[in-house]
Amino acid sequence: MMEGCPGSRMQDLRNKEEISEDESGKRKSQLGQWPIQLHLVSPVAPYYEKADVLLTADCVAYALADYHKDYLKGRSIAIACPKLDEGQEDYLEKIRSWLEDSNINTLTVMIMQVPCCMGLVGLARQALEISKRKVPIKSIVISLKGDILSEEWI
Amino acid sequence: MENKAGMEKYLNQGIKDVILEFPEIGDILNEYNIGCVTCNVGSCLLKDIVKIHALPPEQEDELLSRIAEIIYPGIALVKPKIEKRHQYQPKGIKYSPPVRKLVDEHILIKRWLALIPRITEKLDIQENWGRELIINGIDFMRFYADKFHHAKEEDILFKYFNENLDIIKSMYLDHEAGRSHVRAVAQALENKDKEAVVKHLIEYKNLLKEHIKKEDEILYPWMDRGFSIKQIGELFDKFNKAEEQMNKDILEKLKRFITKTEEQQMKRKRIKQEVLK
Chain A
967 MMEGCPGSRM QDLRNKEEIS EDESGKRKSQ LGQWPIQLHL VSPVAPYYEK ADVLLTADCV
1027 AYALADYHKD YLKGRSIAIA CPKLDEGQED YLEKIRSWLE DSNINTLTVM IMQVPCCMGL
1087 VGLARQALEI SKRKVPIKSI VISLKGDILS EEWI
Chain B
35 MENKAGMEKY LNQGIKDVIL EFPEIGDILN EYNIGCVTCN VGSCLLKDIV KIHALPPEQE
95 DELLSRIAEI IYPGIALVKP KIEKRHQYQP KGIKYSPPVR KLVDEHILIK RWLALIPRIT
155 EKLDIQENWG RELIINGIDF MRFYADKFHH AKEEDILFKY FNENLDIIKS MYLDHEAGRS
215 HVRAVAQALE NKDKEAVVKH LIEYKNLLKE HIKKEDEILY PWMDRGFSIK QIGELFDKFN
275 KAEEQMNKDI LEKLKRFITK TEEQQMKRKR IKQEVLK
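Protein chains in written order, with the numbering used here: chain A, 967 to 1120; chain B, 35 to 311.
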C-alpha cells in the first residue's frame, strides 16, 4: 500500500497506554544564546568560538524528549530545515565559517529519520570538504518517536 | 562511461526534478512504497531517498536498475551504486575521527610488517642495496612508527587515561620493546651480522602485529567509548598540531619507501613465477 513521503506522511504517534513517568519538578533550559535560526546567527558570534556546536534540524527538539539535558547542555546551537528553508548556500558558507573562522571544536548534526533531513548532513559534509580546517563531525538520527536511531562520525 | 556519470548526476538531483523529467520513475518508486510523487517540495536527493528507505539489497539493486533503464533505455549500464556511508545499522568498529587517524597510520605500518618476511628472505647486507633497504626500514620504524605514530599515543592519547592501568602500561612496554628491536637491528647492521638483523626484524614484526591488533580491536574502541564530544574535538586538534610539527618531506619519503619496496617485491615475485613456469 502506498503511504506517501515519510517526511510529510500523516502518522498518529499518540500513546495508546498511559506511561507512568515522573514528570514532576521543573527543568532548566540549557539554551545559552540567541538567536538560534541559522539564517539569523552570525557564525563568528563569541559563543561559537572553539565551541562544540549542535546543528539541529527544526523538528528534532520536538521529538527528542531529553534534547536540552542530553544534547544542548554546554553546547552552542543553530537550527535549520533542509527541506523548507531557502538560501541553503548561505547555510553552507556559515558552516564553513564555523570551521575556519570560529575554530569550533566539533560539529554535531542532529536530524530526523525522514529522507529530506539528510540534506543537513550533506551540507555539513560539503562544508567540511571545502574548509581548510577540519573538525570531527557527527550525525545523529532521531526517530519520529524520539529514539536515537544512529550516531555516526562523518 | 558517460552514462555512469549521467546516473551520478540524477542520483544527486532533487526527486521533484527527476520525476518531472521522467514521470515513470515516480510510478516505480510507488511500487517500492516510496511515496515521493505527492510531495510538493521534492528537494530530497534521489540517492538519499533510496538509501533512507533501506530496502533489502536485492530490491535496492532492482530499483536502481529500473531507474537507470528509464533514464538510459536500452543501454548496457554500469549498475548505479548508492554509497553506504550513512547506514542506520552500523557494522564493525566505528572509530571517532582522531582515533581513525591512528588506525589509518597502522595500515602503513602493517604494510611494512608484511614486507619484512619477504625482504629478509633474500637479504644481503654485504651489498649496498641490502644495507640501504635496512637503513630505510630503520628510518621508517624510528620516524614513522615511533616518532610520528607512537609519540602521538604517548604524548597525547594516553594522557587522557590513568597511565597505571595495565592495558596502557602494556602498550608502553610494547613500544619500548619495539624500540629495543630497532636499536638491535641498527647495531647488527653495523656489525654486519645478518642473522641478528633478520632475527630482530622478525621479532619486531611479530610484536607490532599483535600490538596493532590489540589497539585496533580492544584499546581504541574502549577509549572511544569513554571520550566526551569535547575530548574528541581536542584530541583531533592536538593530533593535527602534532602532525604539522613533523617534517612532511620525511613523512612523504617514508611513505614512498614502502610503496617502492612493495613494487620491487612484486616485481621479484613475478620474475620468480616466470622462472618457475
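Beta carbons are placed, not taken as given, at the ideal position from N, Cα and C, and that holds for glycine.
Since we're looking at a predicted model, the values are computed, not measured.
Give me the Cα-Cα distance between B/Met-175 and A/Glu-1015, rounded to the nearest whole angstrom. 39 Å
Contact residues within the segment 1076–1090 of chain A, judged by C-beta distance below 8 Å to chain B: Gln-1079, Val-1080, Pro-1081, Cys-1082, Met-1084, Gly-1085, Val-1087 and Gly-1088
Do you know how far the Cα of B/Glu-96 is from the Cα of B/Leu-241? C-alpha separation (whole angstroms): 48 Å.
Can you tell me whether B/Gly-108 is buried or exposed, with buried defined as 16 or more other CB within 10 angstroms of its CB? exposed
Beta-ladder partner(s) of A/Trp-1119, from DSSP: DSSP lists A/Lys-1104 as partners of A/Trp-1119.
Where does B/Phe-273 sit, in a helix, a strand or coil, going by DSSP? helix
By DSSP's criteria, A/Ile-1077 is part of a beta bridge. Which residues make up the other side? A/Val-1107
Examine chain A for any beta-carbon lying closer than 7 Å to the beta-carbon of B/Lys-264, and answer yes or no. yes
Near A/Gln-1025, which residues of its chain fall below 7 Å by C-beta distance, leaving aside the five closest residues on each side in sequence? In the sequence under discussion, the amino acid at residue 1025 of chain A is Cys, which differs from the Gln named in the question. Taken in chain order, the residues that qualify are Met-1078.
Verify whether the separation of the beta carbon atoms of B/Lys-243 and B/Ile-150 is less than 7 Å. no
Using only the alpha-carbon positions, how far apart do B/Phe-182 and A/Ser-1008 sit? 38 Å
Can you tell me which of the three DSSP states B/Ile-127 falls into? coil
Is it buried or exposed for A/Met-976, if we count other Cβ within 10 angstroms and need 16 for buried? Counting Cβ neighbours within 10 Å, A/Met-976 comes out exposed, since fewer than 16 surround it.
Within chain A, the residues that B/Phe-270 reaches when beta carbons sit closer than 9 Å: Asn-1071, Thr-1072, Lys-1100, Val-1101 and Pro-1102
What ranges does the alpha helix (DSSP H) occupy inside the segment 64–94 of chain B, keeping only unbroken runs of at least 4 residues that lie completely in it? 80–86
Using a cut-off of 7 Å between C-beta atoms, extract the partners of B/Asp-82 located in chain A. Pro-1081 and Met-1084
Beta-carbon proximity check, B/Gly-267 vs A/Thr-1074, cutoff 7 Å: Contact annotation: B/Gly-267 and A/Thr-1074 have beta-carbon atoms that are not nearer than 7 Å.
Starting from the beta carbon of B/Pro-90, find every residue of chain A whose beta carbon is closer than 7 Å, and list them in chain order. Those do not exist, as B/Pro-90 stays about 17 Å from chain A at its closest Cβ, beyond 7 Å.
Chain A beta carbons: is any one of them nearer than 7 Å to that of B/Pro-151? Chain A contact via Cβ: absent.
Any idea if A/Ala-1031 is buried or exposed, counting beta-carbon neighbours within 10 angstroms, 16 or more meaning buried? Only exposed fits A/Ala-1031, as fewer than 16 other CB atoms lie within 10 angstroms of its CB.
Proximity test, Cβ basis, 7 Å: A/Asp-1018 and chain B: yes
Let me see if you follow: with CB-CB separation under 7 Å, is A/Cys-1025 close to chain B or not? no
Could you spell out the range, first to last residue, of the beta strand (DSSP E) harbouring A/Val-1019? 1018–1023
When you compare only the Cα positions, how much space is there between A/Glu-1117 and A/Gly-1088? 15 Å
Count the other CB atoms, across all protein chains shown, that sit within 10 Å of the CB of B/Lys-125; report buried if there are 16 or more and exposed otherwise. A caution first: B/Lys-125 carries a pLDDT of 48, below 50, which makes its placement in the model unreliable, though a value can still be read off. Result: exposed.
Output the residue ranges of the alpha helix (DSSP H) runs that lie fully inside the segment 171–215 of chain B and measure 4 residues or longer, sorted by chain position. 185–189
Cβ atoms of B/Pro-255 and B/Ile-127: under 7 Å apart, would you say? yes
If contact is defined by three or more beta carbon pairs under 8 Å, each pair taking one atom from either stretch, is the segment 1031–1041 of chain A in contact with the segment 1053–1071 of chain A? The segment 1031–1041 of chain A and the segment 1053–1071 of chain A do not touch, with fewer than three beta-carbon pairs separated by less than 8 Å.
If I measure Cβ to Cβ from B/Ile-62 and keep anything under 8 Å in the same chain, skipping five residues before and after, which residues do I get? Leu-97, Arg-100, Ile-101 and Ile-104
Residues in the segment 128–161 of chain B with C-beta within 8 Å of chain A's C-beta atoms, listed in sequence order? Lys-128, Tyr-129, Ser-130, Pro-131, Pro-132 and Arg-134
Start and end residues, alpha helix (DSSP H) containing B/Ala-230: 228–248
Below 7 Å on C-beta distance, what does A/Ser-974 contact in chain B? Cys-73
Using a Cβ cut-off of 7 Å (strictly closer), state whether A/Trp-1064 contacts chain B. No, A/Trp-1064 does not count as interfacial toward chain B.
The alpha helix (DSSP H) that contains A/Ser-1042, what's its start and end? In this chain, A/Ser-1042 is not harboured by any alpha helix (DSSP H); it is covered by the beta strand (DSSP E) spanning 1042–1046.
Report the neighbours of A/Trp-1119 on chain B: residues whose CB is nearer than 9 Å to its CB, in chain order. Lys-128, Tyr-129, Ser-130, Pro-131, Arg-134 and Ile-266
Member of B/Lys-156, B/Lys-275 and B/Asp-82 whose CA lies at the smallest distance from the CA of B/Lys-306: If you compare the alpha carbons of B/Lys-156, B/Lys-275 and B/Asp-82 with that of B/Lys-306, the shortest gap goes to B/Lys-156.
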